[in-house]
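If you read the sequence shown in the numbering used here, its first letter stands for residue 38, the second for the next number, and so on. Ideal placement from N, C-alpha and C gives every residue a C-beta, glycine not left out.
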Amino acid sequence: MIFTYIITQKIKENIRGIFLSVNEKGIPVDFKYTEAVEVEKYQKYIFGDTLDKYLKLNVLLDKYFKTIDFNIDYILVRDEDFLEYEDFDNVVWISGTDEEPLESAGEYREIPGDNFLVQHSFSGNPTKVRLKNTDLIKSFAEKFSQDKPHAISHHFDILEPFKRLDKVIEVI
38 MIFTYIITQK IKENIRGIFL SVNEKGIPVD FKYTEAVEVE KYQKYIFGDT
88 LDKYLKLNVL LDKYFKTIDF NIDYILVRDE DFLEYEDFDN VVWISGTDEE
138 PLESAGEYRE IPGDNFLVQH SFSGNPTKVR LKNTDLIKSF AEKFSQDKPH
188 AISHHFDILE PFKRLDKVIE VI
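See below:
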């Protein structure tokens with residue numbers, strides 16, 4: 038099982054992508070970042086308000102997928118623009134919450150706005166998720182079920198790799 042975490046960094050008017058892939062135990066299997074994608078002056082006018090989204094989906098992600106030689110099970114993002122990526126269905130927007138914990142790891146419930154609360158750990162707050170394909174919520178949540186001896190919730194906090202990437206941004 039491979040989870041790829043993606044964040045972007047805006048550098049003036051340019052954008053860079055940072056990608057961390059981890060296995061089901063949270064151990065890195067791949068790390069990449071792109072140099073900042075240079076934006077030409079005319080592109081700002083042609084793309085207007087859609088320029089950032091275009092760069093994320095059609096430049097950064099396409100470039101990344103051409104450089105990897107392994108299969109990704111889920112892409113986890115904090116930027117909702119990535120839910121619109123057309124070439125991969127298992128894109129998950131994820132965020133921490135202050136909600137009361139659900140009864141057990143792997144449990145989920147629907148909340149307003151096409152979102153779900155998913156209990157990813159045995160204790161602690163659930164996360165709020167939105168999937169590109171909402172039919173996948175059950176299989177996504179089951180990866181954390183405490184009934185399964187190899188559940189991801191036994192090994193690492195699903196949000197923790199974002200903290201790693203936030204630190205990486207500070208040093209690259």
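Here S158 is buried, its C-beta having at least 16 other C-beta atoms within 10 Å.
Distance between R53 and L94, taken at the CA atoms: about 12 Å. Per the DSSP secondary-structure output, I195 pairs with nothing in a beta bridge.
In the three-state reduction of the DSSP assignment, S58 falls in the strand class.
Residue pairing from DSSP places N152 in a beta bridge opposite I148. Y79 counts as exposed, since fewer than 16 other beta carbons sit within 10 angstroms of its beta carbon.
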